[in-house]
Ligand SMILES: [Zn+2]
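Residue numbers (our numbering): 384 to 814.
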């Protein structure tokens, strides 16, 4: 029996603001949270004791939209518009990626996720078996799909078959930490007939969908021109919202789209990526008011250029205030909840993760609050949303197993991975 007791720690369960416990104990047994109570009230027995004074425990962050292996092309092409960036720089280079590049890049990405307090991520890319291998070795939890972009109507079946084969082979892999979906890339790369085929298949195989949606103004204008509908309306007419759906971006969602998006599992709001390509500011407050589950994501490392969630939490909160001209919009707790429980809900995992509650999986991030920039602390939620840095992440566990302990990786040889991935990146750009 594996038991760990977090002792005398600040616990932010992320259920309700008032559920915070400032001198709390949390007992983990066999991967799940067994008990939470005031310090000194839980029997430690033979548990490993983690001394928590000066530290804050909260549910590990859920990054609901990324392309992990893109870390290999970080800083390769910046300061461009989305279409030219994809067509002229990223897609030609990605065409030269080898499976081993994706494996090394994914491992490098997991180091960044773990050491900044993220425990679950949703990924869309290719060579996904390599990504899954990295997830298995890292100990992280992930929701994976192959990005589906057909090159013509005659390739629909082959394109889908590859994504479906991955989804069926890896569902529940890595001791249940890997879940899979189908990943039609976007309405502007996947024609309606292909989306229809994906919908029927996903329904038959009981799979959810992950798609880029209403990311740029041009995408929405083109969609209106071609189909007389906004991208969410188009997907709704094709039946995609009848399935569990995760929609990334939705920067240009219109009021008529909100009730449609409220039917999705969630929207992955990626503020840094949206700002960097000048796509705009997503109408987060309006979507939340309309009942949309807005979660957070980093997008890939070429468009962010980091994979850490604290920046997304802070940006989401402060952008929502400026966009709505209301400093009370999206308070610290709510922004943090988008990165935890909201993220879990967006991936259909809220029964298992996303909050610190008895019975849930022990996916826990612990932040060290001893830094200058976190002193004094009148409000732990405020510090997590506005002041904490990724380097304040101190220890991280998934399923009750330490992946990162006192700022050291437990399972991965970080320096070896960093050097090998760096070599692979330089090799790729010369290929
Ligand atoms: Zn993306």
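Cβ atoms here follow ideal geometry from the backbone N, Cα and C, with glycine treated the same way.
Check	Outcome
Option nearest residue 400 by Cα separation, candidates 551, 498, 388, 714	714
Same chain, Cβ closer than 7 Å to residue 645, neighbours up to 5 away in sequence not counted	673, 674, 675
Residue range of the unbroken beta strand (DSSP E) whose run includes residue 748	747-751
Bounding residues of the alpha helix (DSSP H) (the contiguous stretch that carries residue 517)	511-521
Beta strand (DSSP E) runs contained entirely in the segment 589-677, provided each spans 3 or more residues	591-596, 628-632, 649-652
Any 3 or more C-beta pairs closer than 8 Å across the segment 712-727 and the segment 686-699	yes
Beta-carbon separation (whole angstroms), residue 834 vs residue 430, contact threshold 8 Å	Given a span of 384 to 814 for the chain in the structure shown, any question on residue 834 remains unanswerable.
Beta carbon of residue 724 nearer than 7 Å to that of residue 737	yes
Segments of 4+ residues assigned as alpha helix (DSSP H) that fall wholly inside the segment 674-746	692-706, 715-721, 724-729
Cβ contact check for the segment 556-565 and the segment 588-602: 3 or more pairs under 8 Å	yes
Cβ-based burial, residue 548 [other Cβ within 10 Å; buried from 16]	exposed
Pairwise C-alpha distance: residue 808 and residue 783	33 Å
Below 7 Å from a heavy atom of ligand 1 - residues by beta-carbon	448, 450, 507, 595, 631, 682, 683
Buried versus exposed, by CB contacts within 10 Å (16 or more), residue 625	exposed
Helix, strand or coil at residue 564 [DSSP, three-state]	strand
Whole-angstrom C-beta distance between residue 641 and residue 347, which should lie under 8 Å	Given a span of 384 to 814 for the chain in the structure shown, any question on residue 347 remains unanswerable.
Exposure of residue 802, with buried meaning 16 or more beta-carbon neighbours within 10 Å	exposed
Identified DSSP bridge partners for residue 546	Paired residue(s): none; residue 546 is not in a bridge.
Residue from 418, 747, 776, 613 whose Cα sits closest to the Cα of residue 369	No information on residue 369 is available, as it lies outside the stretch 384 to 814 that the chain covers here.
Contact under 7 Å by Cβ, residue 668 with residue 635	no
Three-state secondary structure assigned by DSSP to residue 763	helix
Limits of the unbroken beta strand (DSSP E) element including residue 530	524-531
Chain-order list of residues whose beta-carbon lies under 7 Å from that of residue 744 (same chain, five-residue window excluded)	414, 415, 735, 736, 782
Through-space distance from residue 493 to residue 701, alpha-carbon basis	27 Å
Bridge partners - residue 508, DSSP secondary structure assignment	529
Per-residue burial, residue 534 [other beta carbons within 10 Å of its own, 16 or more giving buried]	exposed
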